[in-house]
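Visitor: Structure incoming, see below.
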Amino acid sequence: MSHGKIDFKSIAIAEPKVDLAPLQPFLNEVAPQGRSALLPALHRAQALYGWLPREVQEAISLALRVPLADIHGVIEFYTMFYAKPTAKRVIRVCEDPACHLVGADTVIAAMEEKLGLHHGETDADRTVTFEKVPCLGMCELAPAALDGEKPAGELTVNDVDAFLDGSYPEPTAKPYGTHMVTIGRMGKVDPSSLDDYRAQGGYEELPKALNIKPEELIETVQSFGILGRGGAMFPLGLKWKFTRGAPGTAADKHIVVNADESEPGTFKDRGILEEDPFSLIEGMTIAAHAVGAENGWIFVRGEYPRSAKRLNNAINKAREASLLGKDILGHKGFNFDIEVRVGAGAYICGEETALFEAIEGKRGFPRIKPPFPTTNGLFDQPTSANNVETLVAMLAALKMGGDQWRSIGTEKSPGTKLFCLSGNIAKPGVYEVPFGLTIRDLLTMAGGIPNGKELKGILMGGAAGVFVGEDKLDVRLTYEDAREHSFPLGSGVIMVFDEDADIAETMYQLSRFFAHESCGKCFPCQLGSQRQMEIMDRIAHPHDKGGLRESDKQTLLDVGFTMTETSLCGLGQTAASAIVSAIKLWPELVTTND
Amino acid sequence: MSETVTLTIDGQDVTVPEGTTILDAAKQINIDIPVICYHEHLTGNGLCRICSVDAGGRVQAAACVTQCGNNMNVETNSEDVQRGRRTILELLASTVNLDEAPDILDLLDEYKADTLRFPDGARRDMPVYDDNPFYLRDYSQCVNCWRCVQVCADDAQFAFALSFDGRGFNTTIGTFQNEGMQNTTCVFCGQCVGVCPTGALKPKRQALLEEGYDPDSVFEMTRRKRKPKKDKS
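If you read the protein sequences in the order shown, they are chains X and W.
Take the first sequence: its letters are residues 5 to 598, numbered as in the numbering used here.
Take the second sequence: its letters are residues 169 to 401, numbered as in the numbering used here.
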């Protein structure tokens, strides 16, 4: 072992049954990073061994100087890390609402039969593991699945053989819209080619932006009126201003891109990451100049392996072309580079402070705010944490110019927004339209509800959003109208349910999602999300789980109130939102007959 | 001189140094806000949320970690605050064995919590770990207040023997590879036992005395026997 100073400890360790030699060079390489290299090290080890045997965990502990107990805690937290023998090839099939609405259960049953495996099982010779998993972020391609790193969409029972033997084609993005200024290249540009990106108008804005003083650039971006597109709606320019103004040098500041898009119904960022990765890199580099930050991070959810691969390729190409690294484009002293970090199955890491914890090599527990990330973010340093779409929208607005950007949309919600249409809709996909269209306009654009069915309801904003009924169809999609009608635009989710949809089942699935994804830090969410799921399970499955009780309505409302009002972070505060809205919209679901 | 802020708590004005938590400010004017996870010598993490109060924000604020602001108007016992507390207590009682947590039992009474509200909810039933001569670990009595993990780590002892198993509802305190304490980095300082609020961690002697053994037998049962001297002849 090359780490002489810690050799003495290895004496205490039992003789390894696992050959650590293939892992050691990587550990030596990342050892100087210490604990922050923990997730990458666990990913690397798992790629080599299929799972994380004790000896491997001990070797990582020694190399990164992380206590053994903490290694254990981290592995336990992330569902895609395995401390028990697991195959290198894991098949993951989505069982959440958008996929369920269009037949995921029959596809899952066919796969289980074909493989002879149920959820969580590995075959005898450890060649394949099968899992039913929460939303894979491919709702427009429902039903969706992952075979190792290979995504598949629009699966039917007849496709199961091809999917399992690897011959089923990988899906491509489905961009639609009337003003495709942020996703215009999607599907047309070769995502692996910097030249193609440039030929289609890429990297025209960065050189211009670098000639503008950061303070002026921030003012320009503030004039665009872009609010954070991840759902929290914080003004982008203001966030940059705060981060720029925070004490510290550029070497101590960070641009973190939140690409941990994991909320059932949300898939807009995946399209950008996979189909137009250079646009995000260009947007981040402009952000780095404005904020005065040298460190860039993209945290991509573990279920987006194709995104991570394409991003890494794009980053390498940008670096080779001096678009990342030192003295970018000849601007002396402007240094910026980007590292892609891959999550491992934890929705909570989309909460920005939990995301920082994950990069730092810890369990993804959200932090108490304040202090806020702009002063105390990643590694407790000033950080601008931005959603993927936010930065690409900023890039589009720079290209169009502020006047033109503000000429579309409404005064309070300028520009365009990406919407994720899924569920019972003829043409599911990512739609880029100006703010101000009505929900009905969008549904019409997407071909309406198939098979002549009537609308039952729409889930607006995602799993953490609210259900609305037909009476909201003519509400305009703007921040101000959404607020007036008490639904969030969130990440732009519009999930459509037709008259045949089993809303109680959907409510159960949403509550199961939150119970599965609650981090376990604060009591109300840790316990309330479980109880909410148990009650919805009983209501949705009267035949085998007992059915509705008279007390259920009040209990769901009390648990919902408590999670919303007292939970520590946004996950718990919205974990009951869809359930409570459904109770308002369809009181008969929780009303007993007697 | 540090700056001060003035706020109103349950109708009473109070002036405190900047950075004071709502919990401490309330204490100054003899207003008691209930706590479970909070411990004055440990890092506050705002876990149990039982100290949530209405501080005029979008949602309630955990008094133990929220700093007082100027002109803040705090209600520590409004109907909404009570509704949250009662529900958290009901959730807790349906999950964890609270028999040896007298402070929490008092709160159940005070907030009129219905301990049978979730009659068929999953409980965190766990086996008792009896793996060392000093203390027992019964995590069916554990509320996940984190105090033991914190004193074991950088709040006090820097032994780092404890972390977590699972996530969400299934979160419990865990060790590396689920080893018994003697196979971990535990130094048996006893601080975790000292800060445990629910009897989940208990000195082994105390447990045996409670089971009815007399002190002499307890001594016999818990003492570490010396290795027999080698016969030199």
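Cβ coordinates follow ideal geometry from the N, Cα and C atoms, glycine included.
Flag threonine 568(X) as yes if its beta-carbon sits less than 8 angstroms from any beta-carbon of chain W, otherwise no.
Guide: Closer than 8 angstroms: yes.
Visitor: Please return the same chain residues whose Cβ sits closer than 8 angstroms to the Cβ of methionine 404(X), not counting the five positions on each side in sequence.
Guide: The residues are Val185.
Visitor: Quick one: list the residues of chain W neighbouring isoleucine 372(X), beta-carbon separation under 9 angstroms, in chain order.
Guide: What isoleucine 372(X) touches in chain W: Gly212, Asn213, Gly214, Ala230, Val233 and Thr234.
Visitor: Which value, in whole angstroms, describes the spacing of the CA atoms of arginine 335(W) and alanine 312(X)?
Guide: Straight-line Cα distance between these residues: approximately 25 angstroms.
Visitor: So with CB distances below 9 angstroms, who are the chain W contacts of glutamine 577(X)?
Guide: Under the 9 angstroms cutoff, chain W gives Arg226 and Val227.
Visitor: Going by CA-CA distance only, name the one from Pro374(X), Ala348(X), Arg487(X) and Lys373(X) that's closest to alanine 362(X).
Guide: Of the listed residues, the one whose Cα sits closest to alanine 362(X) is Ala348(X).
Visitor: Can the beta-carbon of lysine 557(X) be found closer than 8 angstroms to that of tyrosine 483(X)?
Guide: No, the pair does not count as a contact, with Cβ atoms beyond the cut-off.
Visitor: Run through chain W and tell me which residues come within less than 9 angstroms of serine 533(X), C-beta to C-beta.
Guide: Per Cβ cutoff of 9 angstroms: Gly336 and Phe337.
Visitor: Apart from the five residues just before and just after alanine 321(W), which ones in its own chain have a Cβ nearer than 7 angstroms to its Cβ?
Guide: Phe328, listed in sequence order.
Visitor: Whose CA, out of Tyr351(X), Glu356(X), Gly550(X) and Val261(X), lies closest to the CA of aspartate 341(X)?
Guide: Nearest of Tyr351(X), Glu356(X), Gly550(X) and Val261(X) to aspartate 341(X), Cα basis: Val261(X).
Visitor: Going by the DSSP bridge assignment, what does histidine 258(X) pair with across the sheet?
Guide: Answer by DSSP bridge pairing, in chain order: Asn299(X) and Thr387(X).
Visitor: Should the stretch 112-120 of chain X be regarded as contacting the stretch 434-452 of chain X, the criterion being three or more beta carbon pairs within less than 8 angstroms?
Guide: No: the two stretches stay apart, fewer than three of their Cβ pairs being nearer than 8 angstroms.
Visitor: Please find out if some non-hydrogen atom of the ligand NAP comes closer than 7 angstroms to the beta-carbon of serine 411(X).
Guide: Absence of the ligand NAP is noted for the structure shown, with no ligands found whatsoever.
Visitor: Exposed or buried, what is asparagine 238(W) when buried is set at 16 or more other beta-carbons lying within 10 Å of its beta-carbon?
Guide: Exposed: under 16 other Cβ atoms inside 10 Å.
Visitor: The beta strand (DSSP E) that contains cysteine 98(X), what's its start and end?
Guide: Here the beta strand (DSSP E) through cysteine 98(X) covers 94-98.
Visitor: Locate the alpha helix (DSSP H) running through isoleucine 443(X), then write down its first and last residues.
Guide: Here the alpha helix (DSSP H) through isoleucine 443(X) covers 443-449.
Visitor: Is tyrosine 303(W) helix, strand or coil by DSSP?
Guide: If DSSP states are grouped into helix, strand and coil, tyrosine 303(W) belongs with the strands.
Visitor: With the cut-off set at 8 angstroms, would you say threonine 578(X) and alanine 468(X) are in Cβ contact?
Guide: Cβ atoms of threonine 578(X) and alanine 468(X): closer than 8 angstroms.
Visitor: Determine the extent of the alpha helix (DSSP H) in which aspartate 485(X) is found, giving its start and end residues.
Guide: Taken as a continuous stretch (DSSP letters only), the alpha helix (DSSP H) holding aspartate 485(X) covers 483-488.
Visitor: List the residues of chain X that leucine 403(W) touches, going by C-beta distances under 8 angstroms, in chain order.
Guide: The question about residue 403(W) has no answer, for chain W in this structure spans 169 to 401.
Visitor: In the structure shown, what three-state DSSP assignment does tyrosine 207(X) receive?
Guide: In the structure shown, tyrosine 207(X) sits in coil (DSSP, three-state: anything other than H, G, I, E or B).
Visitor: Mind pulling the chain X residues with CB within less than 8 angstroms of alanine 290(W)?
Guide: Under the 8 angstroms cutoff, chain X gives Gln534 and Glu538.
Visitor: As a quick exercise: from Ser283(X), Gln204(X) and Ala292(X), pick the residue whose alpha carbon is nearest that of glycine 241(X).
Guide: If we check each option's Cα against that of glycine 241(X), Ala292(X) comes out closest.
Visitor: Assign arginine 392(W) to one of two classes, buried (16 or more other C-beta atoms within 10 Å of its C-beta) or exposed (fewer than that).
Guide: When all chains shown are included, arginine 392(W) counts as exposed.
Visitor: Pull the bridge partners of cysteine 424(X) from the DSSP assignment, please.
Guide: Val434(X) and Val497(X), per the DSSP bridge assignment.
Visitor: In chain order, what residues of the stretch 349-371 of chain W put their CB closer than 8 angstroms to some CB of chain X?
Guide: Answer set for the stretch 349-371 of chain W: Thr352 and Thr353.
Visitor: Under DSSP, the alpha helix (DSSP H) around phenylalanine 360(X) begins and ends at which residues?
Guide: From DSSP, the alpha helix (DSSP H) with phenylalanine 360(X) extends over 356-363.
Visitor: Starting from the C-beta of glutamine 350(W), find all residues in its chain whose C-beta is less than 8 angstroms away, skip the five residues before and the five after it, and write them out in chain order.
Guide: Excluding residues within five positions, the ones whose Cβ falls inside 8 angstroms are Asp299 and Asn300.
Visitor: Should leucine 275(W) be flagged as near chain X, meaning a C-beta pair shorter than 8 angstroms?
Guide: For leucine 275(W), the answer is no, since every Cβ of chain X falls outside 8 angstroms of its Cβ.
Visitor: Report the rounded CA-to-CA distance for alanine 580(X) versus leucine 24(X), giving the unit in angstroms.
Guide: Going by the C-alpha atoms only, they are around 46 angstroms apart.
Visitor: For proline 386(X) and alanine 250(X), I'd like the C-alpha separation in whole angstroms.
Guide: C-alpha separation (whole angstroms): 6 angstroms.
Visitor: Can you tell which of Ala350(X), Thr379(X), Thr378(X) and Lys373(X) has its C-alpha closest to the C-alpha of lysine 366(X)?
Guide: Answer by Cα proximity: Ala350(X).
Visitor: From the DSSP output, in three-state form, read off glutamine 180(W) for me.
Guide: Note: glutamine 180(W) maps to strand in three-state DSSP.
Visitor: Nearest CA to the CA of tyrosine 201(X): which residue from Glu209(X), Glu220(X), Pro211(X) and Arg189(X)?
Guide: The option with the nearest alpha carbon to tyrosine 201(X) is Arg189(X).
Visitor: For cysteine 316(W), which residues in the same chain have their Cβ closer than 7 angstroms to its Cβ, ignoring the five residues on either side in sequence?
Guide: Counting only Cβ-Cβ distances below 7 angstroms, and skipping sequence neighbours, we find Leu330, Ile341, Cys360, Val363, Cys364 and Leu369.
Visitor: With distances taken between CB atoms, is the gap from alanine 231(W) to leucine 276(W) smaller than 8 angstroms?
Guide: In this structure, leucine 276(W) does not lie closer than 8 angstroms to alanine 231(W) by Cβ.
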